[in-house]
Structure formats: structure tokens, C-alpha cells
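In what follows, a single structure is set out as C-alpha cells and then discussed.
Protein chains: 2
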Amino acid sequence: MDLRHISFRLLEVFMSVVKTGSISETARRLHLTQPTVSLQIKRLQEAVDEPLVIMQQQKLHVTEAGHELFRTCQRVFGHFDDYNDFLAELKGGERGRCKIAMVNTAQYILPKLLGPYSNLHPHVELPLEIGNRAEVLARFERGEDDIYVFSHPPSLEHAKAARFLQNPLEFIVPTDHPLANQQHVELSELVKYRFLLREPGSATRMLFESELQRRGLVLSNSVQMASNEAIRVAVSSGMGIGVLSRHVLPIGDHGFKVLTVSDASLASHWYFVIRTDRHIAHAARSFLQFAEYNLERYLDAHWVRNELYVLNLS
Amino acid sequence: MDLRHISFRLLEVFMSVVKTGSISETARRLHLTQPTVSLQIKRLQEAVDEPLVIMQQQKLHVTEAGHELFRTCQRVFGHFDDYNDFLAELKGGERGRCKIAMVNTAQYILPKLLGPYSNLHPHVELPLEIGNRAEVLARFERGEDDIYVFSHPPSLEHAKAARFLQNPLEFIVPTDHPLANQQHVELSELVKYRFLLREPGSATRMLFESELQRRGLVLSNSVQMASNEAIRVAVSSGMGIGVLSRHVLPIGDHGFKVLTVSDASLASHWYFVIRTDRHIAHAARSFLQFAEYNLERYLDAHWVRNELYVLNLS
DNA sequence: GTTAGTTATAGGTTATTATCTATGGGCTGA
DNA sequence: TCAGCCCATAGATAATAACCTATAACTAAC
């Protein structure tokens, strides 16, 4: 049989004929005329090259070939029904994939939203990509993900960014550091000591360095380290001073002390970024909507800065 | 999604695009131009109202919706492949149904063909209908079966009949009957005794009675019985003379004796009858072809009269 | 920076499909 | 016997599907 000359409409009509056992009745139900249905069946039989129904004693009898075709149609339409269900869930954001790329530091924040979201929407896949700022930026350029999380606003074309959380930076020193017990320290005092910093592209470092530049200060000595954890551990073991997002600092005593720097309050923001030159994936919209409504609930409300409305979700 | 605007061709093209990961390559393989394929995919996406593939970095990426549709298509085409296999078997006579209606007496003959045929073609259903001549004739009129077996040529419209076996009639008498030991008996002698006969419509009786009429003879005494078996048993117990097809007589001694009637040799033929106003079912053709080639093998070759060629099978 | 490969879009042609109305013929049951 | 069902067929039309060519725009590689 030649599938090319068979349409779904044709099969629908055929199924109705088998179900009702009548061409006229089918015509009535499908709001067609009797000759139309008659002709459709004829065409279908030509495509199959085998009689599907035969008139016998004024009644329509379905042949073996017809019965088997009917069963085949049932299965086929069943699969399309399943696909429609799938589509509905996909479009409703209940299913599908929302790929999120984030800079390293965001690892400490995003899971607080992702966990509850994932529990509510178990069929949504949430693959995470974590890299340094340059890597995530490259992913954005290539459009590899649905949502990007940065702590420094990337002013790019085809992008919409929305703040959702403040990102205060803290200076930490070893507990035995000369400055550890001073009530108030000034930035100019700090720069005399050795600093442990992330790579040049990182948002934390950029923010810190632009502040130094603004104030005309220069670091006397700095060591580059690959991760926030490495810096934390290095500070605890006395290697120098670290500058870290408050969100990555564990609560309680961990062998370092947070300084109160009187003349420098460094803070950036966390942003959700999406591309505007693509349609946003349903699951991604679903996640961002969830975030918009639940930021205060799952993140430290004190730092939340909910500006997700700029993304025009909904 | 609206199935009405989706054709199988469209899905075929889509599947090729997913498989090759390229619109141009698909165009080449399916002997289409690239814009054609491009447009088809666009139309399919409109019907589904959801992107199925997206261009990213000069490469085609299949979305979740696309993947799921692809899987759906695989299943759907799988079902149609199965149906095609079914159709092929049906058309080859390897599958399907061949409904045969036969008069009572044929029960003794047809199984000899049906058994071997059924072993060779295990997927062919062979429902049998058995009745007296009138009943089978009525079934023929209504076209309820694929093949009819008669022993008297029904000269009907829309029918083709082909002889395949002689049907000699024999006179049987109880072993203690006055005629039982006579070498030669004449018909005029016989009619003085009581006869056991089938109902008026039966072929055996019709043949016998027309012979009597031709010869100007009249039965003095006859009793009607409903089946060949009943007649056989009745003859054995001395009730009278029977006229039966030779094919229904068991071999060996069974309490009756076959007469040699010198001036009457009654014989009709067995016929396969099919309607000419319907397409013959593939399985029916298959069975008749089998019969045409194997009559001599499975029936008593002495009585075979193979004229099945008149049915124009093959 | 030119070439070669990709996809997308515009515009047009042809074949097919999906319908319709009108009509004819066959049964059935009043 | 005739009305009232059924299905089949003929003939016509409007929509659309399935293609094409030409062209534009983008990117990767030489």
C-alpha cells in the first residue's frame, strides 16, 4: 500500500465507517455527505489495493484486511494521542529540559531554587553547566543553554538580564592574621597583605579590582587560585586574605574571620540572563516563573532583589 | 497539533531530517530540493505549534518535541510496516479466511483436501458450513461464503462451477435382503422394495428420481431420512434399500451389501462453485489452486475429474 | 575575501484532495 | 407498488499540498 496517498483524515473516516458499520451514518456524524465518505473509502481501498469493506445483504461487512487496518489505526492514533499529551506537558512546562549555565559561585545559590522546583516538576530535566565567567559567556554566545546565571551584568546583544539577588563580597583573613581582631580596617591597610584571588575574568575579582583602581590602590602581592573552595581553605591555613561572595561562606567558625572594612562595601548582583533571539523553552519559562514567585521563600530574603518582571514571563 | 494538516510524506521527510541532521542532505537523499524540505519542516512545525529542530552554530539540533515526534513516527511507521506484512501474506493466500459451505455428503470428501492444505498454510482460517442442498443454496444466494461444494450443478447466475470428482451412487441392501445375493439386478426389480431416501432437495435423491422418471418407474414405498448415516444404519438393520454416494460408504463389511445394478449406473459429480460477481478471497484462490494441483494425490485418483482450470485461477 | 556549504524566503505551477450536488439503482417494509 | 432507506457514480469546484527556480543571508574554511 502506498502511504503517500493516505491522509490521516482518510483513516479517521475509515475508522468511523468500521465503528458505525455504515457509510451514511458516518457521513452524518462527520458532517459530510454520503458520496464523500463513499469516495474516501474507495480511495483508501485503492491505496491499499485490497477491499476493506464489502456490501453484503444490504449491510457493510469489514474484511480481514479492513479489521487489521482498523487495529493498526487504533494503535497509530493512540501514539499520536500520547504525543499530544507529551506536547501538552511540554508546553505547560511540566516536561522537557531547562539547561542552565552558571558561573562557579552560583553553585552555592541556585540549588536552593532548583531543589524545590525539581520536586514540584519531576519530569523537567535540569542539566547544569558550571564554568568560569569566560566559559559561561562563550556558552551564551553559542546559545547552548536556556538560562545563564552571572554575577556581573553582561551587556550583550540579544540578551535580557534580570537581577534576583544581591551578591555582597566579604574579606576573610586567617584567625591569626594581624588584622583579624581589629574592629575597623580600611582598604588601604588591607592591600599591604597578600591576597588570594580567582582568575582575572571572574566577577568577584573584576569588582574588587575596579574598586581598587577607583581608589588608586594596588595590591602588593596576590596569588591566583582556581576555585572558591581553594581560596577558603588557603585562607584558613594562613596563606593570605580572600575576597569571596558572602553566599559561599559557610556559617559558623571555619578557621577564618570576616573583616569589617569600614570604607569599602563591595556588592554586585546575581542575574538570570536569557537570549531574546530565540523562543524561550517552556521549561525555562516555567522555572523562571517559579523563581519569580518563590525567591523570598527559598533564598535569604535579606539579600533578595526580585526584578524578574523585566523578563516578561507569563 | 492538527493531524489533518500532516501527511505521511511530511513525517517521512521529518524523519530523514532527524536521521541525517541536515536539510540539504535530506533533500539530496529524497531527490527533493533544499527549499522544499525546509518548507516541509516549517509546515510540520506549524501543525505541531512547537519547534522541532533549531539551528545552532550552523548545525541542526532536534528539540525535545522533535525527538519525541521522531520516536512516535518510528512506532507509527512500524505499525504500517506490520500491516504491510500482513497484507502481503493475505494477498499471497498465506493468511486470511476461506469460508467453505458444503452439502452434507461432501463432509466425507473435503477434509481429505482441507487437512493437508491447512498443514501447509497454518495461518489460513478455514471455517466450514455444512447443510443440506437448500441451505447451502441459500447461503450461495446471500453470498455468505467463499467456496461452495455441491454435487449437482447449480445453474445459477454469477456462478462458476468446476467438477473435481465423480460421485457414483450405489444401491445398498441389508445382507438378508432377497436381492442381496443376486448377481445382476435390474432397476425395475428394485423399485418393488422399500427405499430409504434423503429429503427431496438432496442431490442424490434428485439424481435417482430423475433416472426413475426417465425410465417410467415409480417407487412403491419410500421413507425419508435426514442423513446419510441414518440411512446406512437403517439399511444395516433391514429397513430397506438405500442409495448413497460411494464416498460415504465405509470400506469393509458393515451389515449391508452393495448391489450391482446392470441397467443403471447413476453418477453425478462434485463441484466447486464460486461467485463471479465478487472478487475471490486470496485464501480461497490459494485453496483452490492447492486443490487443482493435488486432487489426485489426496483423493481416490480413480474418481478424480480435475476440471478446476475452468475457474481461471492463478 | 572569495568560495563553498548551509538554511530561509518569495513567488509560481501543477496535481491532488476534499468537498459538494445531482442522480441512479437496489432492497425493505408498509 | 411505492416511499424511504441504503450505496455508487458522475461531474464540478475550491483549497491546498508538493513541488520547483531564484535569491538572500549566514558561516566556515581556504
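Line by line, the protein sequences are chains A and B.
Reading the first sequence from the start, the letters are residues -10 to 303 in the numbering used here.
Reading the second sequence from the start, the letters are residues -10 to 303 in the numbering used here.
Beta carbons: idealized from backbone N, C-alpha and C, even for Gly.
Since the model is a prediction, treat every value here as computed from it, not as a measurement.
Chain A residues whose Cβ lies nearer than 7 Å to that of alanine 54 (chain B): Indexing the second sequence from 1 puts residue 54 (chain B) at position 65. Result: Leu76, Leu79.
Reduced DSSP category for asparagine 210 (chain A) - H, G, I as helix; E, B as strand; rest coil: Numbered from its first residue, the first sequence carries residue 210 (chain A) at position 221. In this structure, asparagine 210 (chain A) counts as strand in the three-state DSSP scheme.
For arginine -2 (chain B), the nearest candidate out of B:Glu133, B:Arg32, B:Leu102, B:Gly10 (CA to CA): As a working mapping, residue -2 (chain B) is identified with position 9 in the second sequence. Nearest C-alpha to arginine -2 (chain B): B:Arg32.
Partner residues on chain A for methionine 4 (chain B), Cβ-Cβ distance less than 9 Å: Looking up residue 4 (chain B) in the second sequence gives position 15. By Cβ distance, chain A contributes nothing, its closest Cβ being about 12 Å from methionine 4 (chain B), past 9 Å.
Glycine 10 (chain A): contacting residues in chain B (beta-carbon distance under 9 Å): The residue given as residue 10 (chain A) occupies position 21 in the first sequence. Correct list: empty, because the minimum Cβ distance to chain B is about 17 Å.
Reduced DSSP category for glycine 120 (chain A) - H, G, I as helix; E, B as strand; rest coil: As a working mapping, residue 120 (chain A) is identified with position 131 in the first sequence. Correct three-state label for glycine 120 (chain A): strand.
Chain A residues whose Cβ lies nearer than 7 Å to that of serine -4 (chain B): In the second sequence, counting from the first residue as 1, residue -4 (chain B) sits at position 7. Residues of chain A passing the Cβ test: Ser(-4).
The region 79 to 100 of chain B: positions lying closer than 9 Å to chain A by Cβ: Leu79, Lys80, Arg84, Gly85, Arg86
Whole-number beta carbon distance between glycine 85 (chain A) and histidine 271 (chain A), since they are thought to touch under 8 Å: As a working mapping, residue 271 (chain A) is identified with position 282 in the first sequence. As a working mapping, residue 85 (chain A) is identified with position 96 in the first sequence. That pair is a contact at about 6 Å.
Where tyrosine 182 (chain B) sits in the DSSP three-state scheme: Counting from one through the second sequence, the residue named residue 182 (chain B) turns up at place 193. Tyrosine 182 (chain B): coil per DSSP, three-state reduction.
Limits of the alpha helix (DSSP H) - the one that arginine 221 (chain A) falls within: Translated into the one-based positions of the first sequence, residue 221 (chain A) becomes position 232. Residues 217 to 225.
Where histidine 258 (chain A) falls: helix, strand or coil (DSSP): Taking the first residue of the first sequence as 1, we reach residue 258 (chain A) at position 269. Correct three-state label for histidine 258 (chain A): strand.
Inside the region 33 to 69 of chain A only - alpha helix (DSSP H) runs reaching at least 4 residues: none
Length of the line joining the Cα atoms of alanine 148 (chain B) and proline 40 (chain A): The residue you call residue 148 (chain B) lines up with position 159 of the second sequence. The residue you call residue 40 (chain A) lines up with position 51 of the first sequence. Cα-Cα distance, rounded: 20 Å.
Those runs of the beta strand (DSSP E) which lie wholly inside the region 234 to 295 of chain A and span at least 3 residues: 245 to 247, 256 to 264
Terminal residues of the alpha helix (DSSP H) in which glutamine 155 (chain B) lies: Here residue 155 (chain B) is taken as the residue at index 166 of the second sequence, counted from 1. Taken as a continuous stretch (DSSP letters only), glutamine 155 (chain B) belongs to no alpha helix (DSSP H), being part of the beta strand (DSSP E) at 148 to 163.
Inter-stretch contact (C-beta, 8 Å, three-pair minimum) for the region 54 to 65 of chain B and the region 63 to 71 of chain A: yes
As assigned by DSSP and simplified to three states, the class of alanine 90 (chain A): Within the first sequence, residue 90 (chain A) is the residue found at index 101, counting from 1. Residue state, collapsed to three classes: strand.
Isoleucine 12 (chain B) - containing beta strand (DSSP E), residue span: For the purposes of this step, residue 12 (chain B) is taken as residue 23 along the second sequence, with counting starting at 1. Note, isoleucine 12 (chain B): premise wrong, no beta strand (DSSP E); alpha helix (DSSP H) at 12 to 18.
Start-to-end residues for the alpha helix (DSSP H) that takes in valine 7 (chain B): The count along the second sequence starts at 1 and reaches residue 7 (chain B) at position 18. Note, valine 7 (chain B): alpha helix (DSSP H), -3 to 9.
Buried or exposed by the 16-neighbour rule on C-beta atoms within 10 Å, applied to arginine 131 (chain A): For the purposes of this step, residue 131 (chain A) is taken as residue 142 along the first sequence, with counting starting at 1. When all chains shown are included, arginine 131 (chain A) counts as exposed.
The region 200 to 217 of chain B / the region 174 to 188 of chain B touching (three or more Cβ pairs under 8 Å): yes
For glutamate 130 (chain A), three-class secondary structure by DSSP: Against the first sequence, residue 130 (chain A) aligns to sequence position 141. Three-state DSSP puts glutamate 130 (chain A) in a helix.
Proximal residues to phenylalanine 279 (chain A) (C-beta, below 6 Å), its chain only, five neighbours per side dropped: On the first sequence, residue 279 (chain A) is found 290 positions in, with the first residue counted as 1. Around phenylalanine 279 (chain A): Tyr106.
Aspartate 266 (chain B) classed as buried or exposed, judged by whether at least 16 other C-beta atoms fall within 10 angstroms: Working through the second sequence from its first residue, we reach residue 266 (chain B) at position 277. Classification for aspartate 266 (chain B): exposed.
Counterpart residues of isoleucine 98 (chain A) in DSSP-defined beta bridges: Mapped onto the first sequence, residue 98 (chain A) falls at position 109. For isoleucine 98 (chain A), which the question treats as bridged, DSSP gives no partner whatsoever.
Residues that DSSP places opposite isoleucine 136 (chain A) in a beta bridge: Position 147 of the first sequence holds residue 136 (chain A). Beta-bridge pairing links isoleucine 136 (chain A) to A:Ile89.
Cutoff 8 Å: threonine 61 (chain B) Cβ touching any chain A Cβ: On the second sequence, position 72 is the one that residue 61 (chain B) refers to. Yes, because at least one Cβ of chain A sits closer than 8 Å to the Cβ of threonine 61 (chain B).
Identified DSSP bridge partners for valine 232 (chain B): Taking the first residue of the second sequence as position 1, residue 232 (chain B) is located at position 243. In the DSSP output, where bridge partners are listed per residue, valine 232 (chain B) has B:Phe160.
Members of the region 246 to 279 of chain B near chain A, C-beta cut-off 9 Å: Arg267, His268, Ala270, His271, Ala272
Interface residues of chain B facing glutamine 171 (chain A) [CB-CB closer than 9 Å]: Within the first sequence, the letter at position 182 stands for residue 171 (chain A). Going along chain B, no residue has its Cβ under 9 Å from glutamine 171 (chain A), so there is no contact; the nearest lies around 53 Å.
Alpha helix (DSSP H) segment containing leucine 196 (chain A), residue limits: What you label residue 196 (chain A) is simply residue 207 of the first sequence in a count that begins at 1. 192 to 204 is the extent of the alpha helix (DSSP H) around leucine 196 (chain A).
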